[in-house]
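This report refers to the structure that appears directly beneath it.
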Amino acid sequence: MAVLVTGATGFIGQHLMAALISDQYPVHVLTRDIYKVQSLWTNDLIKIFQIDPIDQTQAIELWKDVEIVFHLACGSFAENDVENYQKSIVVATQSLLTQAIKAKVKQFIFVSSVKAMGEKTEECLNEYSPAFPETAYGKAKLTAEQLVLSAGKDCTICGSVLRLPMVYGKSTKSSILQMTRAIYRGYFPSLSKINNHRSMVHVVDVVQAMVLIAKNPKASCQQIYLVTDGQSYSTDQIYTLICHALDRTTPRWRIPIGVLIFGAKIGDFMQRIFKIRIPLNSKTLDKLTSSAWYSIEKIQTELGYRPQYSLTTALPEIINQVKRLN
């Protein structure tokens with residue numbers, strides 16, 4: 001049995017590949033950048049295929065013995081670039097799904113995002129909560145989810161969806177790493193006490209969830225799962241945890257929320273005029289103050305998922321990464 005992975009060179013993809021190789025799975029990697037894959041892995045278990053072009057002979061070899069697809073690949077564009085997100089998420093997923101069905105693949109695991117539901121939540125949401133995506137990315141993810149789940153109804157393939165919140169770990173693109181780096185350098189202000197709720201998950205636990213779905217096809221078929229580290233964090237709590245991990249005291253003074261709102265509006269104005277990204281803007285402030293909170297009861301009950309990491313236990317490795325970057 002072989003597995004096919006898209007998005008293998010990404011932050012999550014690299015951790016998934018490490019787990020699959022450790023378990024001695026033959027892996028077929030479908031990629032746009034063969035050379036990057038070759039620079040990361042030289043294992044005999046790995047076969048590399050370029051997305052475009054791929055002829056009929058290569059297609060046969062690509063799908064040979066494949067029983068499970070982990071579809072992680074997704075382009076990165078401007079937040080509301082409808083056309084490119086439709087191509088990179090919806091069209092690409094439909095194409096891969098069609099090929100997988102033709103090749104009689106047993107499982108298709110689609111890695112999605114909580115953005116498919118909408119990220120602003122007043123209460124803890126679960127898999128049965130209504131979906132109200134706000135961005136082109138979120139809308140495209142929701143459409144692709146529906147394609148995967150519909151294929152499971154109509155065909156022999158078993159489609160499953162895993163929705164991710166913010167993922168942390170040793171990635172330079174991680175929001176938590178960027179926040180830790182800003183606090184380490186003294187750039188991140190001490191904000192007013194914000195009692196919001198944010199869900200997050202460590203990359204190792206994302207991989208755990210994907211593997212559990214793959215190993216439990218009967219339970220996970222045509223199912224959506226949310227995965228987090230089981231905690232909900234306020235922005236104030238995250239700031240305090242990072243300060244403590246850096247052996248720094250949290251400042252007694254706080255920037256009032258009114259000052260932050262005013263500063264964000266100035267940031268918006270400067271972005272429009274100078275066409276450059278300003279760190280404090282309305283979008284950034286909204287992320288810092290709003291809630292995005294999700295339940296993992298379903299994946300715990302049905303698949304036996306148990307988070308191995310929390311932000312507290314992960315911060316030492318994140319701080320080591322920050323120090324290396326500096």
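All residue numbers for the sequence shown refer to UniProt numbering, where the first residue is 1 and numbers rise by one.
C-beta atoms are modelled at their ideal positions from N, C-alpha and C, and glycine is treated no differently.
Every value quoted in this text rests on a predicted model; they were computed, and no experiment measured them.
| Check | Outcome |
| --- | --- |
| Alpha-carbon to alpha-carbon, residue 310 and residue 197 | 15 Å |
| In DSSP terms, what residue 292 is bridged to | 198 |
| Residues near residue 40 in its chain [Cβ-Cβ closer than 6 Å; skip 5 each side] | none |
| Alpha-carbon to alpha-carbon, residue 263 and residue 275 | 17 Å |
| Run of the alpha helix (DSSP H) containing residue 162, from where it starts to where it stops | First-last for residue 162: 158-164, but that is the beta strand (DSSP E), not the alpha helix (DSSP H). |
| Status (buried if at least 16 other CB within 10 Å, exposed otherwise) for residue 78 | exposed |
| Beta strand (DSSP E) segment containing residue 6, residue limits | 2-6 |
| Helix, strand or coil at residue 48 according to DSSP, with G and I counted as helix | strand |
| Between the CA atoms of residue 75 and residue 294 - distance to the nearest angstrom | 25 Å |
| Extent of the continuous alpha helix (DSSP H) run through residue 148 | 136-154 |
| Residues bridged to residue 274 (per DSSP) | Residue 274 is not bridged to any residue. |
| Where residue 304 falls, given that 16 or more other Cβ within 10 Å makes a residue buried | exposed |
| Contiguous beta strand (DSSP E) assignments of at least 3 residues, all confined to the segment 178-235 | 200-202, 223-226 |
| Backbone CA spacing between residue 230 and residue 152 [nearest angstrom] | 29 Å |
| Proximity winner among 291, 257, 211, 85, relative to residue 19 (alpha-carbon distances) | 211 |
| Where residue 171 falls: helix, strand or coil (DSSP) | coil |
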